[in-house]
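Structure record follows, encoded as structure tokens.
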Amino acid sequence: MNPQALLIFTMSLLLGSSTVISTNHWIMAWAGLEINTLSILPLISKTYHPRAVEASTKYFLVQAAASTLLLFSSMTNAWFTGQWDITQLTHPMSCIMLTAAISMKLGLVPFHFWFPEVLQGSSPMTSLLLATAMKFPPTVLLILTSPSLNYTLLSLMAIASTALGGWMGLNQTQIRKILAFSSISHLGWMTIILIYNPKLTLITFYLYSLMTAAIFFTINIINTLKLSTVMTAWTKIPSLTAMLMLTLLSLAGLPPLTGFLPKWLIIQELTKQELTVMATTMALLSLLGLFFYLRLAYCATITLPPNSTNHMKHWQTNKSVNMPAAVLTMLSIMLLPLSPMIMTTP
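As numbered in mature numbering (1 follows the signal peptide of the UniProt record, and there is no 0), residues -18 to -1, 1 to 328 make up the sequence shown, in order.
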């Protein structure tokens, strides 16, 4: 892609996200989301592949429908209450429509069908943007309106997202689809605690983005997109492949890695709120995700390819291990000692 065009689209993404984060008016938030959508579409379709064009078309249709529903929700609330402020969403029907709109933006169950297909049709770096940066503005809107939302509806969607994200990821062989269902599962964890502790939702999102960025940078360096080819990745950079295994286990939430922190805090908060059954359900459903993370880590580091494999072994990678991948990987596995500081932050 032309560097000038890439710079324009990147700056537009920053502008759209900043607009949504900093505004209190629904129209400005809607405009920021639209800028984000129009900026990411060329990045999705830049490979000129039919699958990329299909992914960008699906993304456009879903995001356009979600933006329309969000605008209709805010207009309905303004019609009945006279308020355009984001934090003053009080009409029950507007709250339900907004929950549906944000769920479509984020890819929460039952509006999740587009997300794995769009990630599969995008390049690894564009998939990273879709899984992290593009979900930040809708998450901020969800946090700002959380006092007005229906907790029963959010809880059902959160449990369904965690269950389906883990269940659907079990039989996947494409790494990007595995990470897409991982994203859906983590969205369930963020949503379940939204009403009681919005700050914990943000912490979970930040740490999830950190770990996912480390994995996407790694698979971009070793140029591996399928489980069948990740088995030969150990011949390229063995040390990086070993770190990939630790990052995947961190994303699964195993102690003493960074990914254990948000799950631990969420289960602790749910127990404080006397929601022990819900906390137990979420903990059990995370075992589904643990299985496919372990399978991916097993294929990356332990499995040796058979001699009859059709994949050429690369004894040296063409790309050097860059600094962002190294820093993100280290943060993804070594942040747990900071948990007392995070827990005591007001």
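Beta carbons: idealized from backbone N, C-alpha and C, even for Gly. Quick caveat: nothing in here was measured; it's all calculated off a predicted structure.
Look at I157 and V212 and say whether their C-beta atoms are less than 8 Å apart.
yes
Using CA atoms only, rank isn't needed, just tell me which of L189, A279, M150, K245 is closest to S210.
A279
Other residues of its chain near S143: CB distance less than 8 Å, five sequence neighbours each side excluded:
L90, V91, H94, I166, S167, L169, G170, T173
For Q156, name the three-state secondary structure that DSSP assigns.
strand
With 16 other Cβ atoms within 10 Å as the buried cut-off, status of S(-1)
exposed
H73, DSSP secondary structure in three states:
Assignment of H73 by DSSP, reduced to helix, strand and coil, places it in the coil class.
Give, in chain order, every unbroken run of the beta strand (DSSP E) that is at least 3 residues long and sits entirely within the segment 115 to 183.
If only complete runs of 3 or more residues are kept, the segment 115 to 183 shows no beta strand (DSSP E) anywhere.
On a Cα-Cα basis, can you pick out the residue from L152, G147, L233, F(-10) that is closest to F187?
L233
Looking at the unbroken alpha helix (DSSP H) that takes in G271, where does it start and where does it end?
258 to 283
Quick one: what's got a C-beta closer than 7 Å to F242's C-beta in the same chain, skipping five residues either side?
Hits under 7 Å: G235, L236, L318.
Are there three or more Cβ pairs, one per stretch, closer than 8 Å when the segment 48 to 61 is compared with the segment 23 to 35?
no
Do you know whose CA, among T121, N202, T134, lies nearest F181's CA?
Looking at the sequence itself, residue 181 is Lys, so the reference to Phe does not match. Answer by Cα proximity: T121.
Less than 6 Å between C-beta atoms, sequence neighbours within five positions excluded: which residues of the same chain meet that for A145?
If the five residues before and after A145 are omitted, its C-beta is found closer than 6 Å to the C-beta atoms of L267, all from its own chain and listed in chain order.
Please work out which residues of its chain come closer than 7 Å, Cβ to Cβ, to A83, disregarding the five sequence neighbours upstream and downstream, and give them in chain order.
A48, L51, L52, S55
Using the Cβ count rule (16 or more neighbours within 10 Å means buried), how would you classify F62?
exposed
Would you list the residues sitting across from K208 in a DSSP beta bridge?
Beta-bridge pairing links K208 to Q156.
Inter-stretch contact (C-beta, 8 Å, three-pair minimum) for the segment 148 to 156 and the segment 223 to 232
no
Would you say T5 and L71 are within 8 Å of each other, going by their C-beta atoms?
T5 places its beta carbon 8 Å or farther from that of L71.
Given this structure, state the Cα-to-Cα distance separating A46 from N202, to the nearest angstrom.
Roughly 30 Å between the two C-alpha positions.
To the nearest angstrom, how far is the alpha carbon of Y133 from that of I248?
16 Å
Alpha helix (DSSP H) segment containing S221, residue limits:
220 to 234
Going straight from the alpha carbon of G147 to that of M79, what length do you get?
Each residue's alpha carbon lies about 23 Å from the other.
Leaving out five residues on either side along the sequence, give the residues of the same chain with a beta carbon under 8 Å from the beta carbon of L161.
L101, S109, A113, T194, I197, F198
Bridge partners of H7, per DSSP?
Beta-bridge analysis with DSSP links H7 to D67.
Which residue from M10, E251, G103, F274 puts its Cα closest to that of V35?
G103
Can you look up K28 in the DSSP assignment and give me helix, strand or coil?
coil
So, L189 versus T240, is the Cβ gap smaller than 8 Å?
yes
Buried/exposed call for H73, threshold 16 Cβ in 10 Å
buried
With respect to the alpha helix (DSSP H) encompassing P237, which residues constitute its N-terminal and C-terminal limits?
P237 -> no alpha helix (DSSP H), and no H or E assigned at all.
For a quick check, are the C-beta atoms of V44 and W96 less than 8 Å apart?
yes
Give me the residue from W66, Y41, A115 with the minimum Cα distance to M(-8).
Considering only alpha carbons, the answer is A115.
Drop a sphere of 10 angstroms on the beta-carbon of L(-12), count the other beta-carbons inside from all chains shown, and report buried for 16 or more, exposed for fewer.
L(-12) comes out exposed.
Distance between beta carbons of L272 and A261, contact taken as under 8 Å
That belief does not hold up - the Cβ atoms of A261 and L272 are roughly 17 Å apart, past 8 Å.
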